[in-house]
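A.B. asks:
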Amino acid sequence: MADNDSISSFSSPFVRYLRTPTTFIKRELLDCERKRRTDGSVISRPWNEERLSNEAAALRLVAENTTIPVPKLIGIGKDDSGLAYLETEFLPGIILERIQDQCRMEKGKCHVSEGPCEECGSIAKANAWRLITEKVLPQLAKLRSTTTGLNGFVLPPPWILEHDERLHWETKRANSAAYIFCHGDLAAHNIMIDTNTLEVVGIIDWENAGYFPPEFQVCFVDRESYWDYFRDTKRITDFVALIEVEC
């Protein structure tokens with residue numbers, strides 16, 4: 001894996017993303033790529049390497065035990081610079097939340113002549129909702145465990161991590177297989193859509209995946225309902241209690 005093989009790239013404050021003609025790569029940032037605050041301190045988050053390893057394990061599990069469309073795992077490891085990376089096949093299409101940026105219909109059948117297209121957005125959301133509720137969630141619910149997390153690592157959904165900044169989450173054990181496998185961030189920015197058919201081509205970004213109580217099995221095809229979970233502090237407190245290990 002080499003950065004010079006990429007045909008495009010971009011960065012978040014925590015991860016570098018690189019696309020080659022056939023693959024998609026996430027890797028840790030070089031020191032010179034890290035974002036800094038005005039005082040010069042580095043903007044960071046915990047578990048960058050563990051997130052990639054967790055996603056790799058989740059992709060293997062889902063690919064081997066379900067028919068849910070996910071990108072094929074190609075590699076996980078460290079590059080020549082010692083940076084952790086995850087490489088998967090590249091899925092064509094764009095994320096669901098960007099579908100309505102313009103009309104996706106062929107010429108002569110366009111819903112609008114220019115600008116955003118709510119009709120294309122509605123069609124894609126309906127297709128995504130149907131696939132998720134009829135195929136994705138039922139299959140994930142069949143994958144069960146007596147312990148939270150995945151392979152000993154627990155990474156709750158982003159809307160919990162936003163409010164609870166602890167640096168370690170203990171695995172919680174149940175007397176029976178009470179925990180079901182969850183994506184952890186099943187939202188419009190992680191659902192890939194074919195721009196021609198407006199159908200789902202894959203579910204991406206499984207870094208928050210793991211076994212959690214059934215209440216954690218939620219999905220969002222619009223941004224507003226997603227952010228509602230970040231704003232509802234009582235619900236977050238209740239959810240934390242479901243996975244917190246009592247002393």
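Reminder that position 246 of the sequence shown reads as 246 in the numbering used here, one-by-one numbering, no gaps.
Idealized CB from N, CA, C, for every residue including glycine.
Bear in mind that the values here come from a model prediction, so they are computed numbers and not experimental data.
1) Spell out the partners DSSP gives Y85 in its beta bridges.
2) Counting along the chain, where does the beta strand (DSSP E) carrying V201 start and finish?
3) Suppose you measure from the CA of L73 to the CA of A57; what does that come to, to the nearest Å?
4) Would you call the CB atoms of Q100 and C120 closer than 7 Å?
5) Alpha carbon to alpha carbon, how far is R34 from V240? Give it in angstroms, no decimals.
6) Beta-carbon within less than 6 Å of T66's beta-carbon, same chain only, minus the 5 sequence neighbours each way: which residues are those?
7) If you compare alpha carbons, which of R144, V200 and T233 is closest to L91?
8) I want to know whether the region 103-117 touches the region 153-173 - three or more CB-CB distances under 8 Å.
9) For M192, list the residues DSSP reports as bridge partners.
10) Provide the residue span of the alpha helix (DSSP H) that contains F230, from first to last.
11) Could you check where the beta strand (DSSP E) with E210 kicks off and where it finishes?
12) Using C-beta distances below 6 Å, list every residue in its chain close to E162, excluding the 5 sequence neighbours before and after it, in chain order.
13) In three-state DSSP terms, what is C182?
14) Could you give the DSSP three-state label for A126: helix, strand or coil?
15) From the DSSP secondary-structure annotation, give me the bridge partner or partners of T147.
16) Checking 7 Å against the spacing of the C-beta atoms, do E55 and L86 come in under that value?
17) Would N208 pass as a contact of L155 if the rule is Cβ separation under 7 Å?
18) Would V15 and I203 qualify as a contact pair, given that the criterion is a beta-carbon distance under 7 Å?
19) Of the residues I7, G210 and P116, which one's Cα is nearest the Cα of R60?
20) I'd like to know whether the C-beta atoms of A124 and I193 end up nearer to each other than 7 Å.
21) Looking only at its chain, what residues have a beta carbon closer than 8 Å to the beta carbon of R235, apart from the 5 residues adjacent to it on each side?
22) Hey, out of I180, I132 and E118, whose CA is closest to N285's CA?
23) Which value, in whole angstroms, describes the spacing of the CA atoms of R27 and I94?
C.D. replies: Reading from the atomic positions:
1) R27 and G77
2) V200 to I203
3) 9 Å
4) yes
5) 30 Å
6) Q139
7) V200
8) no
9) I95 and G202
10) R223 to R231
11) Per the sequence shown, the amino acid found at residue 210 is Gly instead of Glu. Element bounds for G210: G210 to F212.
12) F230
13) strand
14) helix
15) R173
16) yes
17) yes
18) no
19) G210
20) yes
21) Y229
22) Given that the chain is displayed from residue 1 to residue 247, the structure contains no residue 285 and the question cannot be resolved.
23) 20 Å
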